[in-house]
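Trainee:
In our numbering, the protein residues as written are 4 to 366.
(1) Distance check for residue 134 and residue 25, CA to CA, integer angstroms please.
(2) Pairs of beta-carbons, one from the region 209–228 and one from the region 243–262, closer than 8 Å: are there three or more?
(3) Using 10 angstroms around the beta-carbon of residue 100, count the other beta-carbons present and answer buried if the total reaches 16, otherwise exposed.
(4) Quick one, are the C-beta atoms of residue 200 and residue 157 less than 7 Å apart?
(5) What runs of the alpha helix (DSSP H), each 4 residues or longer, lie entirely inside the region 166–226?
(6) Taking residue 226 as the reference, give the member of 269, 292, 164 with the closest Cα.
(7) What whole-angstrom Cβ distance do residue 173 and residue 202 have, given they're in contact under 8 Å?
(8) For residue 64, count neighbouring Cβ atoms within 10 angstroms of its own Cβ and tell me buried if that reaches 16, exposed if not.
(9) Which residues mark the beginning and the end of the beta strand (DSSP E) in which residue 322 is found?
(10) What does the alpha-carbon distance come out to for the pair residue 105 and residue 39?
(11) Give me the Cα-Cα distance between residue 92 and residue 260, rounded to the nearest whole angstrom.
(12) Can you tell me which of 9, 13, 41, 61 puts its alpha carbon nearest to the alpha carbon of residue 231?
(13) Residue 364 CB to nearest chain B CB: under 7 Å?
(14) Just confirm the distance between the C-beta atoms of residue 262 and residue 347, as a whole number of angstroms; I'd bet it's less than 8 Å.
(15) Quick one: residues in its chain with C-beta nearer than 6 Å to the C-beta of residue 62, no 5 flanking neighbours on either side, listed in chain order?
(16) Rounding to the nearest angstrom, what Cα-Cα distance links residue 332 and residue 6 in this structure?
(17) Buried or exposed: where does residue 139 fall if 16 or more other Cβ atoms within 10 Å of its Cβ makes it buried?
(18) Using only the alpha-carbon positions, how far apart do residue 41 and residue 58 sit?
(19) Starting from residue 232, trace the beta strand (DSSP E) in both directions and tell me its first and last residue.
(20) Taking the alpha carbon of residue 9 as the point to measure from, which residue in 28, 34, 17 has its own alpha carbon closest?
(21) How would you label residue 344, buried or exposed, when you count the other beta carbons within 10 angstroms and need 16 or more for buried?
(22) Does DSSP classify residue 114 as helix, strand or coil?
(23) I need the boundaries of the beta strand (DSSP E) containing residue 8, first residue and last residue.
(24) Mapping DSSP to helix, strand and coil, what is residue 91?
(25) Rounded to a whole number of angstroms, what is the C-alpha to C-alpha distance between residue 285 and residue 108?
(26) Under 7 Å Cβ to Cβ from residue 340, same chain only, skipping five residues before and after it: list those, please.
(27) Could you tell me the distance, in whole angstroms, from the CA atom of residue 355 to the CA atom of residue 116?
(28) Would you list the residues sitting across from residue 100 in a DSSP beta bridge?
(29) Report all residues from its chain with a CB closer than 7 Å to the CB of residue 103; omit the five preceding and five following residues, and keep chain order.
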């Protein structure tokens, strides 16, 4: 029987994609939870496999027998999965999602459009991330658990899902003030309620604005402030009960999940970083990585790989996802809404991805 490991990092959007793919392969798999130490960010510039960025005492045990396949999502696990492959004598196959530094080290890369991974033989460029929405049972359970706290807010619910800082976008005080005021006006004009959920990336200044405005608005406003130590999160309950959603454009996983549930979506206005240093840095990144819509010459591919290993990953093209969703009618620019139960987002990539990955287990 083939051995499959899934390395998870605690980032919900990333982990859900990896676990979904592993579950579809039709073989048992082990989830290996990795807790990172303070060297996680620095270690990606070291050229080579390593487990030094993992907190070994708090992470799942990694030892023989080594797996036939490792599935992982996100750059922090990259040194670790490469270390696993080295320890296995090169036998372990590596499937990595998103935009790992050093693409040549992986057997297969699954990359959604916003990551701008150049065309290569070992790259599948996805139309959308592989997130699967919560099951109907999970949504119903969450709705039941939060019933006493949320049922006092009359429908329709306008749910605002806030991301935050994600290059090249930011979320400053003024942008948050305008977004809150317009969303509140929308909910009141419909005779409903405004329910807001922040996330791990929501910056403190934007959160302060929301908190102050919610207090002033008094009734018909619910605010959930994300905290890493919180034992409960109303996200699934909001998905279950939300009548329409306003989502910041940096939150690709939330956009895709809500669209696959078939709910009307409005995409909040983009706010670009105004810092000159960040704009210059992003210009340099785009130059180093070159054109992404064609196969790169060997020299250009080498420069792109080296830039990624040094921490100069290409700028995510978050606008491409928003633009696609709007063009196909799955979302609209706020304050307009589009999409709904008659137009759920398709999941066309998944079957071909599963087939390609399953082939590694048959080798």
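All C-beta atoms, glycine included, are put in the ideal place defined by N, C-alpha and C.
Mentor: So, from the data block:
(1) Whole-angstrom Cα-Cα distance: 13 Å.
(2) By the Cβ criterion, the region 209–228 is not in contact with the region 243–262, since fewer than three pairs of Cβ atoms, one from each stretch, lie closer than 8 Å.
(3) buried
(4) Not a contact, by the Cβ cut-off of 7 Å.
(5) 176–192, 207–220
(6) Among 269, 292, 164, the Cα nearest to that of residue 226 belongs to 164.
(7) Rounded, the Cβ-Cβ distance is 14 Å, inconsistent with contact.
(8) exposed
(9) Note, residue 322: premise wrong, no beta strand (DSSP E); alpha helix (DSSP H) at 321–330.
(10) 20 Å
(11) 38 Å
(12) 13
(13) No chain B is present in this structure, which holds just one protein chain.
(14) 7 Å
(15) 37, 38
(16) 42 Å
(17) exposed
(18) 9 Å
(19) No beta strand (DSSP E) holds residue 232; DSSP gives it neither H nor E.
(20) 34
(21) exposed
(22) strand
(23) Unbroken beta strand (DSSP E) run through residue 8: 7–11.
(24) Of the three classes helix, strand and coil, the one that applies to residue 91 here is coil, per DSSP.
(25) Straight-line Cα distance between these residues: approximately 25 Å.
(26) The beta carbon of residue 340 sits closer than 7 Å to the beta carbons of 247, 267, 268, 269 from its chain, once the five residues preceding and following it are set aside; these are given in chain order.
(27) Approximately 16 Å between the Cα atoms of the pair.
(28) The partner list for residue 100 (beta bridge, DSSP) reads 76, 113.
(29) Sequence-distant Cβ neighbours of residue 103 in its own chain, meaning closer than 7 Å and more than five residues away, are 78, 81, 109, 112.
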